[in-house]
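Take a look at the structure below.
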Amino acid sequence: GFLQRTNSLEDKSRIVSSLKERQSSKSLLACENSEKESRFRRTETDFSNLYARDLLPSKNGEEQTMQFLLEVVDILLNYVRKTFDRSTKVLDFHHPHQLLEGMEGFNLELSDNPESLEQILVDCRDTLKYGVRTGHPRFFNQLSTGLDIIGLAGEWLTSTANTNMFTYEIAPVFVLMEQITLRKMREIIGWSNKDGDGIFSPGGAISNMYSIMAARYKYFPEVKTKGMAAVPKLVLFTSEHSHYSIKKAGAALGFGTDNVILIKCNERGKIIPADLEAKILEAKEKGYVPLFVNATAGTTVYGAFDPIQEIADICEKYNLWLHVDAAWGGGLLMSRKHRHKLNGIERYYTVLLCNTVLKGILQGCNQMCAGYLFQPDKQYDVSYDTGDKAIQCGRHVDIFKFWLMWKAKGTVGFENQINKCLELAEYLYTKIKNREEFEMVFEGQPEHTNVCFWYIPPSLRGMPDSDERREKLHRVAPKIKALMMESGTTMVGYQPQGDKVNFFRMVISNPAATKSDIDFLIEEIERLGQEL
40 GFLQRTNSLE DKSRIVSSLK ERQSSKSLLA CENSEKESRF RRTETDFSNL YARDLLPSKN
100 GEEQTMQFLL EVVDILLNYV RKTFDRSTKV LDFHHPHQLL EGMEGFNLEL SDNPESLEQI
160 LVDCRDTLKY GVRTGHPRFF NQLSTGLDII GLAGEWLTST ANTNMFTYEI APVFVLMEQI
220 TLRKMREIIG WSNKDGDGIF SPGGAISNMY SIMAARYKYF PEVKTKGMAA VPKLVLFTSE
280 HSHYSIKKAG AALGFGTDNV ILIKCNERGK IIPADLEAKI LEAKEKGYVP LFVNATAGTT
340 VYGAFDPIQE IADICEKYNL WLHVDAAWGG GLLMSRKHRH KLNGIERYYT VLLCNTVLKG
400 ILQGCNQMCA GYLFQPDKQY DVSYDTGDKA IQCGRHVDIF KFWLMWKAKG TVGFENQINK
460 CLELAEYLYT KIKNREEFEM VFEGQPEHTN VCFWYIPPSL RGMPDSDERR EKLHRVAPKI
520 KALMMESGTT MVGYQPQGDK VNFFRMVISN PAATKSDIDF LIEEIERLGQ EL
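Quick note on numbering: the sequence shown equals residues 40 to 571 in my numbering.
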C-alpha cells in the first residue's frame, strides 16, 4: 500500500506500521547477510593437503567446504565470461590420444587413492578448458546451442536440491511445477486443459518411444500383459527425413526395423501425403495392421515441416495414431509470426516438444505400478506421484530450469528469441544465395533456422556437374570442418542427405548470435576453403 489523501486515519496508521516492520526486517536481513559475508568470504586456502574427507559432512568441514565451493564457482564464472567473449576460441582441439595420455596435470585415469582438492580443482578447470564452448556465439554445430544464464542458475539449484521426480513426497515443488508447465504447453498446442497429460523425459528419443507405446496400448491393451505375440503384425510409418529414434524405438519395442516404413519426401524434405496413403493401403493388403504415423515439425537437417493437416486427414480416415515429433520445430508455437507452420497440431494424439535438453509431452502412456513407491494410502493426493508414467524409476528434475526461464522471460521473451533466430537464418540465406562461392541445397527460403549449402572452392567453380565434381565437392565440407576445429574459431556441422554429397548444415539457435557472427562464419569458410 501507499499513502494517499483518501486514506483514512486507520489506513495510514496500518501502512506506516507495515513500513516500519519492513525496515526492521531489512535491518535484520542486512545484519544476517553481513555475518554470512564474514563467514563465507574467500580466504587463501592450501588445497594441496585437503581431501574430500575434509569437507562436509566432516565435523569441522564447513569452512573448507565453503572455500572449495567458492573456488569452483570462480572456475564456473570465469568459464561463463569466456563463453560470451568472441575473442576466445570455441574449442581448444586435441586428438583423443592426446587427452588419454594426459595434458599438463590433467589425467583421465582413475586411481585407488584419493587425490587432493587442489587436483580436483585442476580437473574441474581443465575439463572446461578442453571441452567445446557450446554457448559461444560462434558455435553452430548442433541444434541445441547457447548458454542461458537463468537456465544455468536453475541447473545449479536442481543439482543442489539433488532429488528425484517419481513421487510428490520427495519433490513436491518440482512435481507441481511440471504439472503447471505441461498444462501451459498443452494450451499452446491447442488441447483443452481437461484432455491430456504429459511428462518430461530424458530426451527426444525416449519421448518418441513413449508415443509409440501409448499408441500400441490404446489399440491393443493386452500387449501389456501378454506381449507382442498377442497382437497382429503392426507397422509404423515415418518420413525418410525423420529422426532415427523412430527406427530405434521400432527395434527396442519389438516391432522390428523392417516394420518401420519410410515415406518419401519432396525436394524440401516434407512427407508426400500420397505416398503415405499408398503405403498404408499396401501394408493392409499384405496383412499388416497400420498403427502409427510420425509427422515431423522441423526435421533435423532441412528444418522441414511435414504437411500436418493432410497427414491428419489420412490418419483419421484409416484410424491410425497421429504423433508429431516437434522436438526441433515446436518452439515456433510460441511465435505468432511462425506458428502457422504447425497448423493442425491440435488434431494429433501425442506431441513431442523440446526446449534445449527439456523434452517430452504426451497425452497418455502405459502405466506399471511399483507398490513400495506408489502406495495408495498416503496422506496426500497420490495422483501427483508421477513415477508410474515413466519407463524408468528415478527421473531427473528437468523442469526447474525451464520453469525458471519461462518465469524470467515470459512467453513473449521466448517468442522474441525464436523470431530473432529465424531472422538470422533469413539473413544468412539472403547473403549467400546468389554468390558464386556458395550453392543452396534446395531452392527457396528455409522454413526454420536450418540453412543448408555447399561452399564451392575456386577449383570447382565453372566445372560442369559430373561424378568427378561431386566426388571432389563431397570432400570440401569435411576438410573445412577439420581446419575449423584445429583453429578453434567456429564450428558448423556437415552431412550428406540422400543422393546429395556433404554440405554444411548451419543451425541458428543461440540467442547470443548476431549478424556479425554470421558474417564471421561466411568469411571463415571462405578463408579456410580458398586453397581447396
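The beta-carbon is built from N, C-alpha and C at its ideal position, and this holds for glycine as well. As the structure is a computational prediction, the values presented were derived from the model and not from experiment.
Separation of residue j from residue i, as counted between CA atoms
i	j	result
residue 107	residue 194	19 Å
residue 573	residue 146	This structure gives no information on residue 573, because the portion of the chain shown stretches from 40 to 571.
residue 389	residue 361	7 Å
residue 286	residue 569	40 Å
residue 518	residue 541	11 Å
residue 208	residue 434	14 Å
residue 506	residue 478	17 Å
residue 521	residue 552	22 Å
residue 405	residue 240	The predicted position of residue 405 is uncertain, since its pLDDT is 30 and thus under 50; a value taken from the coordinates is nonetheless stated next. Answer to the nearest angstrom: the Cα atoms are 14 Å apart.
residue 428	residue 470	48 Å
residue 557	residue 467	7 Å
residue 126	residue 368	32 Å
residue 172	residue 178	7 Å
residue 538	residue 316	25 Å
residue 336	residue 153	50 Å
residue 94	residue 561	50 Å
residue 141	residue 119	25 Å
residue 565	residue 524	15 Å
residue 495	residue 155	53 Å
residue 504	residue 535	17 Å
residue 296	residue 276	11 Å
residue 294	residue 250	14 Å
residue 181	residue 340	10 Å
residue 92	residue 112	20 Å
residue 279	residue 257	26 Å
residue 352	residue 230	18 Å
residue 442	residue 219	9 Å
residue 263	residue 216	30 Å
residue 325	residue 271	12 Å
residue 267	residue 260	11 Å
residue 190	residue 334	29 Å
residue 445	residue 487	22 Å
residue 498	residue 354	50 Å
residue 412	residue 200	With a pLDDT of only 37 at residue 412, under the threshold of 50, the placement of this residue in the model should not be trusted, and no figure is reported.
residue 573	residue 550	Coverage of the chain is limited to positions 40 through 571, which leaves residue 573 absent and any answer about it impossible.
residue 123	residue 529	13 Å
Rounded Cβ spacing between residue i and residue j (contact assumed at less than 8 Å)
i	j	result
residue 439	residue 197	5 Å
residue 86	residue 160	6 Å
residue 281	residue 244	No, residue 281 and residue 244 are not in contact; Cβ-Cβ is about 12 Å, not under 8 Å.
residue 329	residue 359	5 Å
residue 382	residue 348	6 Å
residue 357	residue 384	Contact flag wrong, Cβ pair sits at about 20 Å.
Buried/exposed call for residue i, threshold 16 Cβ in 10 Å
i	result
residue 364	buried
residue 134	exposed
residue 610	In the structure as shown, the chain begins at 40 and stops at 571. Residue 610 is therefore absent and cannot be evaluated.
residue 456	buried
residue 437	buried
residue 432	exposed
residue 110	buried
residue 139	exposed
residue 500	exposed
residue 474	exposed
residue 379	exposed
residue 502	exposed
residue 310	buried
residue 424	buried
residue 567	buried
Test item: CB-CB of residue i and residue j under 8 Å
i	j	result
residue 114	residue 164	yes
residue 548	residue 460	yes
residue 489	residue 342	yes
residue 308	residue 338	yes
residue 274	residue 298	yes
residue 128	residue 527	yes
residue 463	residue 493	no
residue 131	residue 90	no
residue 458	residue 376	yes
residue 224	residue 237	yes
Beta bridge counterpart(s) of residue i as assigned by DSSP
i	result
residue 493	478
residue 364	335 and 391
residue 329	274
residue 544	491 and 532
residue 171	130
residue 178	530
residue 344	336
residue 304	310
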